[in-house]
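I have placed the structure first, in the form of structure tokens, so that the comments after it can refer back to it.
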Amino acid sequence: MKAAVVGLGTMGPGLAATLARGGMEVRAFDVSADQREKAPGLMQQAMGVLGALSVPDKSGGKMPAVVQTLADCCKGADLVVETVPEKLDIKAAVFKEIDAAVGKNCVIASNTSGIPITKLQANVSNPGRVVGMHWSNPAHVIPMIEVIAGKDTSPDTVKWMCDTIKSLGLLPVVVRKDVPGFVENRILYALLRECVDLVEQDVIDAEGLDTCVSWGIGYKLSVIGPMALLDMAGLDIYQAVGSYLNKDLCNRADVAKYVTDRTQSGKLGMKTGGGIFSYTPEQVNELRMKRAKKLVAVRKALES
Ligand SMILES: NC(=O)c1ccc[n+]([C@@H]2O[C@H](COP(=O)([O-])OP(=O)(O)OC[C@H]3O[C@@H](n4cnc5c(N)ncnc54)[C@H](O)[C@@H]3O)[C@@H](O)[C@H]2O)c1
-7 MKAAVVGLGT
3 MGPGLAATLA
13 RGGMEVRAFD
23 VSADQREKAP
33 GLMQQAMGVL
43 GALSVPDKSG
53 GKMPAVVQTL
63 ADCCKGADLV
73 VETVPEKLDI
83 KAAVFKEIDA
93 AVGKNCVIAS
103 NTSGIPITKL
113 QANVSNPGRV
123 VGMHWSNPAH
133 VIPMIEVIAG
143 KDTSPDTVKW
153 MCDTIKSLGL
163 LPVVVRKDVP
173 GFVENRILYA
183 LLRECVDLVE
193 QDVIDAEGLD
203 TCVSWGIGYK
213 LSVIGPMALL
223 DMAGLDIYQA
233 VGSYLNKDLC
243 NRADVAKYVT
253 DRTQSGKLGM
263 KTGGGIFSYT
273 PEQVNELRMK
283 RAKKLVAVRK
293 ALES
């Protein structure tokens, strides 16, 4: 199968390496010459991690080819994965370019985190072949991929995408309605809203909050999903606790001052040396490596 990856920022290189390792012939493109130059090294790193994860290597030693134009990237592709910035005008323009470059049977997938697939479909001649393929970051480490049908996506396209993801040894989950944020981000953002609120209200400090979530519910949820957890705890318990607690949970519609104060003063997190916590450049590198290693070990444990 021939695959094209359009966009080589945070997500593109890991995603392209995963497709290549699964045996696809991959071409990749980014408008930025800088990103095109960096991409092969990042793909090589991702291949190393896929090796550490014991993902079968069907690439025959062939890395994705980084090419100079979008048309060259997409020509003859069976699958195009768009992973350009999360802005509708950029994605709409890229979808039009992709549409002009591919044959009518090519599946055009978007890695959008939440732009409705239905809006992207408006930019192509064969909307039935457009589908959401939402990877998690880091794309080469997290095995779950959301498959989202837009209004005009054909059931055959959804099935084809699920089969393709399974053939890579990964886990497709079908999102049946094109709701904002799909499923993963709706759950993540519900969790983050409550976490930020608890820290802002000084119920707990930021370190304590992370320990509570990672070693409490986070650890547990990676083995027992929320719906299975409800059965394990007992639905009567959920009903009893939910009947008083749900009323008390944070339900604000805006973003907390705790966050906006920091974004306004340029405290954006690891990329600026500090956000909620502070980081030296050495600590940033060390943390990235440590976390990647732990994610590999946890995935292996969960697969065993
Ligand atoms: N970063 C994440 O954690 C994450 C997770 C899941 C999904 N996503 C989604 O994946 C997509 C990409 O996110 P990212 O974090 O990799 O963004 P990014 O900004 O790091 O990378 C996007 C890349 O697209 C390139 N680009 C811009 N216009 C282009 C064009 N016309 N043609 C080709 N390339 C172009 C940019 O030069 C850039 O390198 C977004 O839709 C995002 O919501 C991101």
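For the sequence shown, my numbering gives the first residue as -7, with consecutive numbering after it.
Built from N, CA and C at the ideal position, the CB exists for glycine as well.
For residue i, is the classification buried or exposed, using 16 other Cβ atoms within 10 angstroms of its Cβ as the cut-off for buried?
i: residue 97; result: exposed
i: residue 311; result: Look at the range of the chain in this structure, -7 to 296, and you will see that residue 311 is not part of it.
i: residue 149; result: buried
i: residue 102; result: buried
i: residue 25; result: exposed
i: residue 234; result: exposed
i: residue 290; result: exposed
i: residue 83; result: buried
i: residue 283; result: exposed
Just to confirm the assignment, what range does the alpha helix (DSSP H) spanning residue i have?
i: residue 239; result: It is not in any alpha helix (DSSP H) - residue 239 carries neither H nor E in the DSSP assignment.
i: residue 90; result: 80 to 93
i: residue 225; result: 218 to 225
i: residue 251; result: 249 to 256
i: residue 8; result: 4 to 13
i: residue 358; result: Past the boundaries of the shown model lies residue 358; the chain is included only from -7 to 296, so the question cannot be answered.
i: residue 44; result: 25 to 44
i: residue 284; result: 273 to 295
i: residue 63; result: 62 to 66
Could you tell me the boundaries of the beta strand (DSSP E) in which residue i lies?
i: residue 125; result: 122 to 126
i: residue 51; result: That residue, residue 51, is in no beta strand (DSSP E); it is neither H nor E in DSSP.
i: residue 71; result: 71 to 74
i: residue 100; result: 99 to 102
i: residue -5; result: -6 to -2
i: residue 18; result: 17 to 21
Is there at least one non-hydrogen atom of ligand 3 closer than 8 Å to the beta-carbon of residue i?
i: residue 287; result: No copy of ligand 3 appears in this structure; the ligands present are ligand 1.
query = Hey, which unbroken runs of the alpha helix (DSSP H) at 4 residues or more fall wholly within the stretch 152 to 235?
reply = 176 to 192, 198 to 204, 218 to 225
message = Taking 8 Å as the cut-off, does the stretch 140 to 149 touch the stretch 165 to 177 (at least 3 CB pairs, one atom from each stretch)?
response = yes
request  = Specify whether the stretch 250 to 267 and the stretch 201 to 208 touch according to this definition: at least 3 beta carbon pairs, one from each stretch, less than 8 Å apart.
outcome  = no
query = Below 8 Å, can you find three or more Cβ-Cβ pairs linking the stretch 110 to 129 to the stretch 24 to 38?
reply = no
message = Under 8 Å, with one C-beta from each stretch per pair, do the stretch 2 to 12 and the stretch 104 to 112 reach the 3-pair mark?
response = Touching, no, given that fewer than three Cβ pairs across the two stretches are closer than 8 Å.
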